[in-house]
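Read top to bottom, the protein sequences are chains A and B.
Anchor point for the first sequence: position 266 equals 266 in my numbering, and the numbering is continuous, going up by one each time.
Anchor point for the second sequence: position 116 equals 116 in my numbering, and the numbering is continuous, going up by one each time.
To start, the structure under review is shown below, and the notes come after it.
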Amino acid sequence: MRLAPLFLSLSLAAPLAAEEIWVTNEKDDTISVIDVATLEVTRTISTGERPRGITFSRDFSRVYICASDSDTVQVMDPETGQILFDLPSGEDPEQFVLHPDDRHLWIANEDDAVTTVVDTQSRTVVAQIDVGIEPEGMAVSPDGRIVITTSETTNMAHWIDTETHELFANTLVDARPRHAEFLHDGAELWVSSEIGGTVTVFDVATQTEKAKIGFDIRGVHPDRVQPVGFEVTADEKTAFVALGPSNHVAVVDTATYEVKEYILVGRRVWHMAFNSDKSLLFTTNGVSGDVTVIDVARRAPVKTIKVGRFPWGAALRP
Amino acid sequence: MRHAFITLNAIVLREAQRFVRQRGRFVAALVRPLIWLLVFAAGFRAALGLSIAPPYQTYITYEVYIVPGLCGMILLFNGMQSSLSLVYDREMGSMRLLLTAPLPRWWLLFCRLVASTAISILQAYTFLAVAAAFGIRMPVVGYLAVLPALAVAGIMLGALGLALSSLIKQLENFAGVMNFVIFPMFFLSTALYPLWKMAESSTMLRDICAVNPFTHAVEFIRFALYGQFNGPALGWTVVAGAIFFLLAVWGYDPARGLLRRKS
Numbered sequence: 001m002r003l004a005p006l007f008l009s010l011s012l013a014a015p016l017a018a019e020e021i022w023v024t025n026e027k028d029d030t031i032s033v034i035d036v037a038t039l040e041v042t043r044t045i046s047t048g049e050r051p052r053g054i055t056f057s058r059d060f061s062r063v064y065i066c067a068s069d070s071d072t073v074q075v076m077d078p079e080t081g082q083i084l085f086d087l088p089s090g091e092d093p094e095q096f097v098l099h100p101d102d103r104h105l106w107i108a109n110e111d112d113a114v115t116t117v118v119d120t121q122s123r124t125v126v127a128q129i130d131v132g133i134e135p136e137g138m139a140v141s142p143d144g145r146i147v148i149t150t151s152e153t154t155n156m157a158h159w160i161d162t163e164t165h166e167l168f169a170n171t172l173v174d175a176r177p178r179h180a181e182f183l184h185d186g187a188e189l190w191v192s193s194e195i196g197g198t199v200t201v202f203d204v205a206t207q208t209e210k211a212k213i214g215f216d217i218r219g220v221h222p223d224r225v226q227p228v229g230f231e232v233t234a235d236e237k238t239a240f241v242a243l244g245p246s247n248h249v250a251v252v253d254t255a256t257y258e259v260k261e262y263i264l265v266g267r268r269v270w271h272m273a274f275n276s277d278k279s280l281l282f283t284t285n286g287v288s289g290d291v292t293v294i295d296v297a298r299r300a301p302v303k304t305i306k307v308g309r310f311p312w313g314a315a316l317r318p
Numbered sequence: 001m002r003h004a005f006i007t008l009n010a011i012v013l014r015e016a017q018r019f020v021r022q023r024g025r026f027v028a029a030l031v032r033p034l035i036w037l038l039v040f041a042a043g044f045r046a047a048l049g050l051s052i053a054p055p056y057q058t059y060i061t062y063e064v065y066i067v068p069g070l071c072g073m074i075l076l077f078n079g080m081q082s083s084l085s086l087v088y089d090r091e092m093g094s095m096r097l098l099l100t101a102p103l104p105r106w107w108l109l110f111c112r113l114v115a116s117t118a119i120s121i122l123q124a125y126t127f128l129a130v131a132a133a134f135g136i137r138m139p140v141v142g143y144l145a146v147l148p149a150l151a152v153a154g155i156m157l158g159a160l161g162l163a164l165s166s167l168i169k170q171l172e173n174f175a176g177v178m179n180f181v182i183f184p185m186f187f188l189s190t191a192l193y194p195l196w197k198m199a200e201s202s203t204m205l206r207d208i209c210a211v212n213p214f215t216h217a218v219e220f221i222r223f224a225l226y227g228q229f230n231g232p233a234l235g236w237t238v239v240a241g242a243i244f245f246l247l248a249v250w251g252y253d254p255a256r257g258l259l260r261r262k263s
């Protein structure tokens with residue numbers, strides 16, 4: 001009997017502790033919600049057309065979704081799955097990043113060659129910045145001062161001052177840069193190049209190239225090794241790089257820039273998201289329409305979960 | 001009862017001694033599956049694109065897929081090799097002596113089965129250890145769970161060898177067994193390709209694979225290697241093993257079996 005209150009508190013705590021990974025399905029116009037505890041899809045939510053980038057507000061009360069073919073960023077209540085309102089986003093928003101101020105979304109407009117800054121509170125466009133052709137990858141430095149847009153066709157990383165909304169540097173990378181992230185408290189910028197098959201590491205202070213990471217998977221033609229999304233572990237010592245149609249994720253030492261090993265996942269692996277303690281990594285596999293769960297400590301795939309058609313982005317809801 | 005166990009002990013020891021003395025046989029039995037694993041499977045490594053079917057939870061390379069089938073291959077070849085040595089024994093006379101022991105014939109044959117299966121299991125574990133050294137590892141629990149699976153599958157395939165050896169009059173005929181039993185059994189099973197892959201080329205091939213007892217032995221081993229139990233595969237393997245064993249007992253029965261007809 002004395003255990004009863006314990007069970008009661010556990011059962012009350014359970015729904016709160018239910019961590020989820022939200023995955024956008026590009027061809028189904030839906031989001032698949034994966035329960036981290038059971039590794040199963042618990043529900044599917046309809047969105048606008050061709051959902052790609054997905055991110056939560058800092059308090060997780062809102063989820064922002066790039067509905068690329070609807071030419072809008074949708075704002076959803078994650079509790080109910082209802083679309084609260086659409087944000088003006090410019091044409092064909094593909095990827096975005098939420099500024100540390102939790103208020104401004106920086107959006108790459110693939111068809112317009114601009115980066116749009118949207119105030120999510122006043123729901124207005126604050127600025128549009130001309131960048132290279134087909135912008136896609138977006139990153140913001142931890143201090144919020146620099147935003148990066150990578151342009152797929154111009155093959156550049158564009159460095160934007162968030163105060164002035166002006167470009168202050170443009171750096172060349174290998175062909176078709178897809179994704180960018182700041183590492184080590186904003187000291188380094190990593191940019192993946194899909195066609196070039198590399199990840200370029202920049203020193204942020206000088207905006208110069210520091211290292212370039214190449215990949216070589218036994219038994220896979222180099223053309224199929226196409227780095228896209230990447231994520232770093234909690235200690236920032238290891239990065240996981242999704243290698244597109246090679247169907248592998250590379251494990252990279254962030255100090256030596258050496259590739260330690262490759263993990264087999266589903267077909268055309270695109271983006272990834274960690275669970276909250278970063279013990280599990282969820283990869284979206286576009287062509288096979290599933291999500292592979294990687295045990296981060298063991299660096300081994302543990303399960304592959306069927307989701308909708310062409311899963312693209314992934315985000316954690318703790 | 002005591003006699004029965006003395007016999008069991010003696011036969012197992014004799015097989016073990018033969019096994020220890022013939023190191024070449026041990027190496028040969030290991031080289032065959034390793035060539036399949038490290039040469040054949042390496043070529044298909046990323047090309048096959050296996051979809052996810054139980055017991056697998058995620059995508060696997062072909063090298064990982066083929067391991068249970070190669071364990072089955074060891075058991076299959078060993079079962080046949082053991083029956084080959086039985087033919088030899090019978091020709092050279094020691095088998096005749098053994099079969100005159102004052103114990104039920106089925107027991108003598110069963111002892112023989114246990115002996116050859118024990119050696120097969122040893123070889124299968126050595127193979128798994130070498131595969132692990134090359135980075136193809138199973139869950140730890142799988143290495144334990146596979147023991148009974150290897151035993152059941154080994155006895156079934158050994159019983160098949162016994163039944164066949166009762167049909168073979170001379171040593172030379174064993175080449176025929178290779179061509180008409182071992183190869184079809186191995187290739188028409190899930191050892192190399194999953195059933196759905198077979199179905200892509202022909203549903204008839206798939207159906208043949210699905211009734212092949214070797215398929216079920218391999219699947220039983222495959223599930224066990226991942227700590228899972230496959231009831232239907234066990235059922236098929238046990239039923240097939242019982243039939244083969246009864247055939248062997250009948251074949252070796254001097255009053256009714258094929259031995260009489262031949263002599």
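A virtual CB, placed ideally from N, CA and C, is assigned to each residue, including glycine.
Using a Cβ-Cβ distance cut-off of 9 Å, determine whether Leu264 of chain A contacts chain B. As a first step, residue 264 of chain A is located in the first sequence; it is residue number 264 there, counting from the start. With 9 Å as the cut-off, Leu264 of chain A counts as an interface residue toward chain B.
Enumerated in chain order, which unbroken segments of the alpha helix (DSSP H) with a length of 4 residues or greater are wholly contained in the segment 53 to 128 of chain B? 62 to 92 and 94 to 99
Counting only Cβ pairs nearer than 8 Å, list the residues of chain B close to Lys212 of chain A. Looking up residue 212 of chain A in the first sequence gives position 212. Per Cβ cutoff of 8 Å: no residues; Lys212 of chain A is ~24 Å from chain B at best.
Confirm, please, whether the CB-CB distance from Pro88 of chain A to Ser68 of chain A is below 9 Å. Your numbering for residue 68 of chain A matches position 68 in the first sequence. Your numbering for residue 88 of chain A matches position 88 in the first sequence. Not in contact: Ser68 of chain A and Pro88 of chain A (Cβ atoms no closer than 9 Å).
Please identify the residue among A:Val191, A:Tyr64 and A:Arg218 whose C-alpha is closest to the C-alpha of Lys210 of chain A. Counting from 1 along the first sequence, the entry for residue 210 of chain A is found at position 210. The option with the nearest alpha carbon to Lys210 of chain A is A:Val191.
Please state if the CB of Gly251 of chain B and the CB of Ser166 of chain B are separated by a distance shorter than 9 Å. Locating residue 166 of chain B in the second sequence gives position 166, counting from the first residue. Locating residue 251 of chain B in the second sequence gives position 251, counting from the first residue. Closer than 9 Å, so yes.
Under 8 Å by Cβ, that's how I've got Ala124 of chain B and Cys71 of chain B pegged, so tell me the actual separation to the nearest angstrom. Position 124 of the second sequence, counted from the first residue, corresponds to residue 124 of chain B. Position 71 of the second sequence, counted from the first residue, corresponds to residue 71 of chain B. Contact flag correct, Cβ pair sits at about 5 Å.
Use the C-beta contact count for Lys237 of chain A: other C-beta atoms within 10 angstroms, 16 or more gives buried, fewer gives exposed. By 1-based counting over the first sequence, the position of residue 237 of chain A is 237. Looking at its Cβ environment, which holds fewer than 16 other Cβ atoms inside 10 Å, Lys237 of chain A is exposed.
Three-state secondary structure (DSSP) at Thr120 of chain A? As a working mapping, residue 120 of chain A is identified with position 120 in the first sequence. Here Thr120 of chain A sits in coil by DSSP.
Grab the span of the alpha helix (DSSP H) containing Gly43 of chain B for me, first residue to last. As a working note, residue 43 of chain B is residue 43 in the second sequence. Start and end: Ala41 to Phe44.
Going residue by residue through the segment 222 to 307 of chain A, where are the continuous alpha helix (DSSP H) segments of at least 4 residues, counting only ones entirely within it? none
Mind pulling the chain A residues with CB within less than 7 Å of Ile52 of chain B? For this step, residue 52 of chain B is matched to residue 52 along the second sequence. Thr304, listed in chain order.
Suppose the cutoff is 8 Å on Cβ atoms and the five residues either side in sequence are ignored; what does the same chain contact list for Cys209 of chain B look like? Within the second sequence, numbered from 1, the residue matching residue 209 of chain B stands at position 209. Within the same chain, Cys209 of chain B has close Cβ partners Leu188, Ser189, Thr190, Leu195, Met198 and Thr215.
Met204 of chain B, buried or exposed, once every other Cβ within 10 Å from all chains shown has been counted against 16: Position 204 of the second sequence, counting from 1, holds the residue named residue 204 of chain B. Its Cβ having fewer than 16 others within 10 Å, Met204 of chain B is exposed.
Closer than 9 Å to chain A by CB, Gln228 of chain B: The residue you call residue 228 of chain B lines up with position 228 of the second sequence. No, its Cβ sits nowhere closer than 9 Å to a Cβ of chain A.
Would you list the one or two residues that DSSP bridges to Leu167 of chain A? Mapped onto the first sequence, residue 167 of chain A falls at position 167. Bridge partners of Leu167 of chain A: A:Ile160.
Indicate whether at least one CB of chain B lies closer than 9 Å to the CB of Asn247 of chain A. Here residue 247 of chain A refers to the residue found at position 247 of the first sequence. Yes, Asn247 of chain A counts as interfacial toward chain B.
For Gln17 of chain B, go through chain E and note every residue whose CB falls closer than 9 Å to its CB, in chain order. No chain E is part of this structure, whose protein chains are labelled A and B.
So, at 8 Å on beta carbons, what are the nonlocal neighbours of Val117 of chain A in its own chain, with the 5 sequence-adjacent residues on each side left out? Taking the first residue of the first sequence as position 1, residue 117 of chain A is located at position 117. So the qualifying residues of the chain are His104, Leu105, Trp106, Ile107, Val125, Val126, Ala127, Gln128, Ile129 and His165.
Close-in-space but distant-in-sequence residues of the same chain around Lys278 of chain A (CB under 7 Å, 5 per side omitted): By one-based count along the first sequence, residue 278 of chain A stands at place 278. Here the set comprises Thr233, Ala234 and Val296.
For a contact meaning CB atoms closer than 7 Å, what does Pro311 of chain A contact in chain B? In the first sequence, residue 311 of chain A corresponds to position 311, counting from 1. Result: empty, since nearest Cβ-Cβ is about 15 Å, beyond 7 Å.
Considering only C-alpha positions, which residue in the set B:Ser116, B:Ile66, B:Thr58 and B:Val152 is nearest to Val239 of chain B? What you label residue 239 of chain B is simply residue 239 of the second sequence in a count that begins at 1. The residue with the shortest Cα to Cα distance from Val239 of chain B is B:Val152.
Would you say Tyr59 of chain B and Ile52 of chain B are within 9 Å of each other, going by their C-beta atoms? The residue given as residue 59 of chain B occupies position 59 in the second sequence. The residue given as residue 52 of chain B occupies position 52 in the second sequence. In this structure, Ile52 of chain B lies closer than 9 Å to Tyr59 of chain B by Cβ.
Residues in the same chain with beta-carbon distance under 8 Å from Thr153 of chain A, minus the five sequence neighbours each way, listed in chain order, please. Working through the first sequence from its first residue, we reach residue 153 of chain A at position 153. Gly132, Ile133, Glu134 and Arg176, listed in sequence order.
Beta carbon of Val140 of chain A nearer than 9 Å to that of His99 of chain A: In the first sequence, counting from the first residue as 1, residue 140 of chain A sits at position 140. In the first sequence, counting from the first residue as 1, residue 99 of chain A sits at position 99. The answer is yes: Cβ separation under 9 Å.
At a Cβ threshold of 9 Å, is Ala131 of chain B touching chain A? Counting from 1 along the second sequence, the entry for residue 131 of chain B is found at position 131. No, no contact with chain A.
Tell me, to the nearest whole angstrom, how far the beta carbon of Leu76 of chain B is from that of Phe180 of chain B; I am working on the premise that it is less than 8 Å. By one-based count along the second sequence, residue 76 of chain B stands at place 76. By one-based count along the second sequence, residue 180 of chain B stands at place 180. With a Cβ gap of about 14 Å, Leu76 of chain B and Phe180 of chain B do not count as contacting.
Between which residues of its own chain and Leu3 of chain A is the CB-CB distance below 7 Å, once the five residues before and five after are set aside? Counted from its first residue, the first sequence places residue 3 of chain A at position 3. A caution first: Leu3 of chain A carries a pLDDT of 42, below 50, which makes its placement in the model unreliable, though a value can still be read off. So the list is empty, once near-sequence residues are dropped.
Pick helix, strand or coil for Pro194 of chain B, following the three-state DSSP scheme. Here residue 194 of chain B corresponds to residue number 194 of the second sequence, with the count starting at 1. In the structure shown, Pro194 of chain B sits in coil (DSSP, three-state: anything other than H, G, I, E or B).
Give a yes or no on whether the C-beta atoms belonging to Trp312 of chain A and Gly53 of chain A are separated by under 9 Å. Position 312 of the first sequence, counting from 1, holds the residue named residue 312 of chain A. Position 53 of the first sequence, counting from 1, holds the residue named residue 53 of chain A. A contact, by the Cβ cut-off of 9 Å.
I'd like to know if Arg32 of chain B contacts chain A, where contact means its C-beta is closer than 9 Å to some C-beta of that chain. Residue 32 of chain B sits at position 32 when you count from the first residue of the second sequence. By this cut-off, Arg32 of chain B is not an interface position.
Compare the beta carbon distance of Glu188 of chain A and Glu231 of chain A with 9 Å and say whether it is the shorter of the two. For the purposes of this step, residue 188 of chain A is taken as residue 188 along the first sequence, with counting starting at 1. For the purposes of this step, residue 231 of chain A is taken as residue 231 along the first sequence, with counting starting at 1. No, these two residues do not count as a Cβ contact at 9 Å.
Thinking C-alpha only, which one of A:Val23, A:Glu49 and A:Asp102 is nearest Ser57 of chain A? Position 57 of the first sequence, counted from the first residue, corresponds to residue 57 of chain A. Residue A:Asp102 is the option with its Cα nearest to Ser57 of chain A.
Within 9 Å of any Cβ in chain B, is that where the Cβ of Pro301 of chain A sits? In the first sequence, counting from the first residue as 1, residue 301 of chain A sits at position 301. Output row for Pro301 of chain A: interface = yes.
Report the residues of the segment 142 to 154 of chain B with a CB closer than 7 Å to any CB of chain A, ordered along the chain. none
Here's a check: name, in chain order, each residue in its chain whose Cβ is nearer than 8 Å to the Cβ of Ser85 of chain B, leaving out the five neighbours to either side. For this step, residue 85 of chain B is matched to residue 85 along the second sequence. So the list reads Arg18, once near-sequence residues are dropped.
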